[in-house]
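Engineer:
Number of protein chains: 2
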Amino acid sequence: MALIVHKYGGTSMGSTERIKNVAKRVAKWARAGHQMVVVPSAMSGETNRLLGLAKELSPSKPADATNRELDMLASTGEQASSALLAIALQAEGMEAVSYAGWQVSVRTDSSYTKARIESIDDARVRADLEAGRVVVITGFQGVDDEGNITTLGRGGSDTSAVAIAAAMKAHECLIYTDVDGVYTTDPRVEPDARRLTTVSFEEMLEMASLGSKVLQIRSVEFAGKYKVPLRVLSSFTPWDIDINEEAKSGTLITFEEDENMEQAVVSGIAFNRDEAKISVLGVPDKPGIAYHILGAVADANIEVDVIIQNLSKDGKTDFSFTVHRNEFAKAVDLLKDKVLPTLGAAEVVGDARICKVSIVGIGMRSHVGVAAKMFRVLSEEGINIQMISTSEIKTSVVIDEKYMELAVRALHKAFDLDQPAA
Amino acid sequence: MALIVHKYGGTSMGSTERIKNVAKRVAKWARAGHQMVVVPSAMSGETNRLLGLAKELSPSKPADATNRELDMLASTGEQASSALLAIALQAEGMEAVSYAGWQVSVRTDSSYTKARIESIDDARVRADLEAGRVVVITGFQGVDDEGNITTLGRGGSDTSAVAIAAAMKAHECLIYTDVDGVYTTDPRVEPDARRLTTVSFEEMLEMASLGSKVLQIRSVEFAGKYKVPLRVLSSFTPWDIDINEEAKSGTLITFEEDENMEQAVVSGIAFNRDEAKISVLGVPDKPGIAYHILGAVADANIEVDVIIQNLSKDGKTDFSFTVHRNEFAKAVDLLKDKVLPTLGAAEVVGDARICKVSIVGIGMRSHVGVAAKMFRVLSEEGINIQMISTSEIKTSVVIDEKYMELAVRALHKAFDLDQPAA
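Chains F and G are the protein sequences, given in the same order. Numbering (my numbering) for the first sequence: 31 to 452. Numbering (my numbering) for the second sequence: 31 to 452.
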C-alpha cells in the first residue's frame, strides 16, 4: 500500500464519460490498496470559455485588481471538475471528498494569475486518507495570506499535483495526459520522434523550460527539489488495463543516474515559439547596466529567458534578451517609457518572429563538440543563429521562427534520435 | 449617501452584454454617492448546466456526501458571475472587488444544498466600502464551521442579499429581477393581474411561502426579522434611467401598516404546484402520533407544509400533510420503511398531482367571511377542496392540480383584484 497522486489534464476530464473513466481508473488504484489523492484540471475548454467572457467585459490589458478577479473566475473551472470527479467516484462506490485550494490549504504568494506555492497543510487530507476516502484536490489554484484566491498560471495543475505529492511524501506522482510520455521531440514536427522510457530530472527540467509542453516547468522544479518520482502517461489507455502494466507505462522522470546505462549524448530536441526578442541598442558600457535594464523588467513581473550582451564598441554595447510573447509589448513599452530616458541608450528594437531550438542531454557533460555539431547542422541547412545560450546539459539557439521545423528535424536526425535507444 | 445592496438574478446576469448593463447601473448608483454592495446570481442556465453534469455522473438520489460535492460544484456559478461583474465594474472605471461566501465570511449550518445563514462577518466588506470600492459578494453560498462550502438552495441569492443588507444595516436592499414587481397573482395565469406598489411584509411572507416565485421565502423572513427595507424591481429598464425614478419603481415591501390607507381585503392570489400530498391511514388515535410521524420526517430534513388530522373513528384516524414534490418519494419510502412498522398504521398513500391555491391579505384580519367567500367561489366552479389551511392573513386550499388556473382566475376576479387599487 502506497500513497499515490494522480493528475488528470483537461482533455482527460473533457466530458462526463471521460470523468467516469477517470473515476474507474482511480477506483482501480484505490481497490488495489493505495491511498489516492487526485488532482484534476478544469474540463477542457472551460478555462478558455471563462477567460473569454472576461475578455468581452474588459478587452484592455488587465490591471492587478482585474488579475485578482481573473483568478476568482478561472479557479471555478477546477473546483467544478473536482466536485464532478468526487461525485463520479461516489457513484463508483468509493468514499470521496473534494477540496478547493483554500480548503487544504495550498498557500501561495499574491502574484495573481501566476502565483507560487509556498506551503501545503496536509492534515485534513491525511485524515481523509486514513478514513479510507479518495481525496480530490483542485489543481491550478491556491490562497494567499489575505484569503484571496490565486492561480498558478497555465499548466499549474501539474505543479499542484507535484507539490501535493511532495507535501504528502507520495510514493509516486502520475501525470495522466493526452500523450503517452516524453518524446525525443514533438511528433507533430518530427514523425520519427521516439518515446523515452526514462528521462533524468535535469533533462526534463531543461525540456520543460525550453518549451516541451508535456509538463509545466514549475512542476518539474518541485519534483526535483523534493525528489518526487514523477511519471507521465496516457489517460487514453483502457481504464481496466492491468495495474502493474499501467504503473510501468509512459516516461519516468528519474533522479539517480544509472551508472551502467549508456547515456545518449542528446536525449531530445526542444523548441519554443512563444518567445520574442528585445534589444536595447547603444547602451553605455558601464557597471550596473544589466541590472538597470533587467531590474525594471523583473519589477514588472516579466520573466526573461535568454540574455546576451554584445562586445563593447566605442564605450557602447547592445543588450538583448527574450521574453514570453504575451509580455513582449508590455516589456517594450516599459523599456521605452521608463528605462531609455534614464539609461542614455539609443533605441529599443524587438522581434516577435523568432523561436528557440535546443538540444538537451545529460551525456553532453562528458562529450565535447556537441554544441559545435549543432551549429554545423544548422549552418548546413542555411539557418542563421541570432542568439546562443548554453548550460551543462543543453545548448539553445534563437533563430527565425520560419526555420523551426527544419531545424528540429535536421537536429533530430543528426543526433540519431530516430534510432532505437542503445 | 447611503449603503445600498443590489441583487441581480440569473437572467439579469445572463450574458456579457447584460453584465455590462448591470455594471453601468451599479456605477450610476455609486457615482450618486452610495456605498454599493452587489449580490449576483449565477448566469442563467449555469446552475442547471452544472447540476446536469452531476446528474449524468450520478443518476440516483444523492447521499449527504454527494450533496456536499453538489454544493462545491454549484457554488462555482456564482463565484464566476461575481468575478465577471467585478471585472465589468473595473472596465467601467470603478474600483471593485468580489468575494466568495467563505471570504466574507457568510457562515451557515452544514445542511448541504439548503443551508441556513448563521452569521456574516462584514469587517472586510466595510473596509472596502470605506476605501471607495464596490463590493461584489457571491449569492447562494456560504461556508460551514468546518470550512465546507454550502449553498442555500434555489433562489438563495435573494436570501444572501437580504442577510448581507441586514448584517451591514443597509438603507435598502433592491432585488433586481426579470419582473417589475409583485403582482396580485402570476400574470402568466391571469393576464389581468396588477402590480402592487407596496405590499406588507406579512403578506409578502405568505405569498413567498405559498409559491409566488418573485422572492425566496427565507429572504423575506430575514427582511422581516431585521427590518430590511426590500424592493423588487426590474433589471430590464434602461440602466441610465433617472436614479430617483428607479428608486421608487417596482414593489416596496413595507413594515409599518399605514393606518390611513384603505387595505384591500385580499392583496393577492398565490399558488404552488411543487407540493405533493401524503396520507397515513388508519393511525391509532393516541397522544404522540403527530410527533411520531412528523418527527421522523423532520429528522430526514424534509419540510412539511399543510398538516391535517381527521376526526377519529373507531379509535383510528387519518393523518395527511404536504411536502415538496422533490421529497415526495423519499418521504413515502421513509414512512413505509421506518414509521408504519412501529406505528401500527394501515397504509401510506400519496398524491403528487395536487396544487395549493391561497388568498392573502392583511385586510382579512378585520373582515369576516373571506374564507367562506373563497370556498363558495371554488364550489361554483365545481372544484373539490382536499385540504384547508388558514392563518390570520391567508387561506389556502389543496385541490387537484388540473383546476389550478381556473381557481386562480375565479378568485382573482371574485376579490376584485383586476380593479385598480382604491
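Think of the CB as a built atom: it goes at the ideal place given N, C-alpha and C, for glycine as much as any other residue.
1) In whole angstroms, give me the CA-to-CA distance for residue 358(F) and residue 448(F).
2) Please identify, using Cβ separations under 7 Å, the residues of the segment 77-92 of chain G that lie next to chain F, in order along the chain.
3) Within 10 angstroms of its Cβ, does residue 450(G) collect 16 or more other Cβ (buried), or is it exposed?
4) Name the DSSP bridge partner or partners of residue 381(F)?
5) Do residue 127(F) and residue 299(F) have their C-beta atoms closer together than 7 Å?
6) Taking DSSP as the reference, what is the three-state secondary structure of residue 219(F)?
7) Taking the alpha-carbon of residue 57(F) as reference, which of 110(F), 47(F), 163(F) and 379(F) has the nearest alpha-carbon?
8) Quick check on residue 454(G) - is its C-beta less than 7 Å from some C-beta in chain F?
9) Does any CB atom of chain F fall closer than 7 Å to the CB of residue 245(G)?
10) Put residue 123(G) into one of helix, strand or coil per three-state DSSP.
11) In this structure, how does DSSP classify residue 90(F) when only helix, strand and coil are distinguished?
12) Measure the C-alpha to C-alpha separation of residue 78(F) and residue 143(F) and round it to an integer number of angstroms.
13) Specify, as a first and last residue, the run of the beta strand (DSSP E) that residue 276(G) falls within.
14) Under 7 Å between beta-carbons, which chain F residues line up against residue 49(G)? List them in chain order, please.
15) Output the distance between the C-alpha atoms of residue 369(G) and residue 185(F), rounded to the nearest integer angstrom.
16) Taking the alpha-carbon of residue 337(F) as reference, which of 261(F), 428(F), 141(F) and 188(F) has the nearest alpha-carbon?
17) Alpha carbon to alpha carbon, how far is residue 75(F) from residue 433(F)? Give it in angstroms, no decimals.
18) For residue 290(F), I'd like the list of residues in its chain whose CB is within less than 7 Å of its CB, leaving aside the five on either flank, ordered along the chain.
19) What are the uninterrupted segments assigned as alpha helix (DSSP H) that are 4 or more residues long and contained completely in the segment 353-434 of chain G, given in chain order?
20) Could you tell me the alpha carbon to alpha carbon distance between residue 46(G) and residue 372(G), rounded to whole angstroms?
21) Does the Cβ of residue 345(G) have 16 or more other Cβ atoms within 10 Å, making it buried, or fewer, making it exposed?
22) Would you mind stating whether residue 188(F) and residue 245(F) have Cβ atoms separated by less than 7 Å?
23) Where residue 273(G) and residue 252(G) are concerned, what is the direct C-alpha to C-alpha distance, given to the nearest angstrom?
24) Taking the alpha-carbon positions, what's the residue 353(F) to residue 376(F) distance?
25) Within this structure, are the beta carbons of residue 418(G) and residue 232(G) separated by less than 7 Å?
26) For residue 412(F), does the count of other Cβ atoms within 10 angstroms reach 16, so buried, or fall short, so exposed?
27) Check for me: the alpha helix (DSSP H) holding residue 47(F) runs from which residue to which?
28) Work out the CA separation of residue 367(G) and residue 83(G) for me, nearest whole Å.
29) Mapping DSSP to helix, strand and coil, what is residue 149(F)?
30) Would you mind listing the alpha helix (DSSP H) stretches within the segment 145-201 of chain F that are 4+ residues and don't spill past its ends, in chain order?
31) Give the straight-line distance between the Cα atoms of residue 193(F) and residue 154(F), rounded to the nearest whole angstrom.
32) Span of the beta strand (DSSP E) holding residue 137(G)?
33) Hey, could you find the ends of the alpha helix (DSSP H) residue 327(G) is sitting in?
34) Chain G partners of residue 117(F), CB-CB under 7 Å?
35) In terms of residue numbering, what span does the beta strand (DSSP E) encompassing residue 300(G) cover?
36) With DSSP run on the structure shown, which of helix, strand or coil describes residue 341(F)?
Structural biologist: Reading from the atomic positions:
1) Rounded to the nearest whole angstrom, the C-alpha separation of residue 358(F) and residue 448(F) is 35 Å.
2) 80, 83, 84, 86, 87 and 88
3) Residue 450(G) comes out exposed.
4) 307(F)
5) Not in contact: residue 127(F) and residue 299(F) (Cβ atoms no closer than 7 Å).
6) coil
7) Nearest of 110(F), 47(F), 163(F) and 379(F) to residue 57(F), Cα basis: 163(F).
8) Outside the displayed span of chain G (31 to 452) sits residue 454(G), for which this structure offers no information.
9) At a cut-off of 7 Å between beta carbons, residue 245(G) makes no contact with chain F.
10) coil
11) coil
12) 14 Å
13) Counting along the chain, residue 276(G) falls outside any beta strand (DSSP E), though it belongs to the alpha helix (DSSP H) covering 273-277.
14) 87
15) In this structure, the alpha-carbon of residue 369(G) lies about 54 Å from that of residue 185(F).
16) 428(F)
17) Approximately 31 Å, taken between the alpha carbons.
18) A caution first: residue 290(F) carries a pLDDT of 45, below 50, which makes its placement in the model too unreliable to give a value.
19) When DSSP assignments are scanned along the segment 353-434 of chain G, the uninterrupted stretches of alpha helix (DSSP H) that are 4 or more residues long and fall wholly within it turn out to be 358-364, 370-373 and 400-410.
20) 57 Å
21) exposed
22) yes
23) 26 Å
24) 21 Å
25) Cβ atoms of residue 418(G) and residue 232(G): not closer than 7 Å.
26) Here residue 412(F) is exposed, its C-beta having fewer than 16 other C-beta atoms within 10 Å.
27) Residue 47(F) -> alpha helix (DSSP H) spans 46-61.
28) 31 Å
29) Under the three-state reduction of DSSP output, residue 149(F) falls in the strand class.
30) 153-160 and 186-197
31) Taking the straight line joining both Cα atoms gives about 16 Å.
32) 136-138
33) 319-329
34) The answer, in chain order, is 84, 87, 88, 96 and 99.
35) Counting along the chain, the beta strand (DSSP E) containing residue 300(G) begins and ends at 298-302.
36) coil
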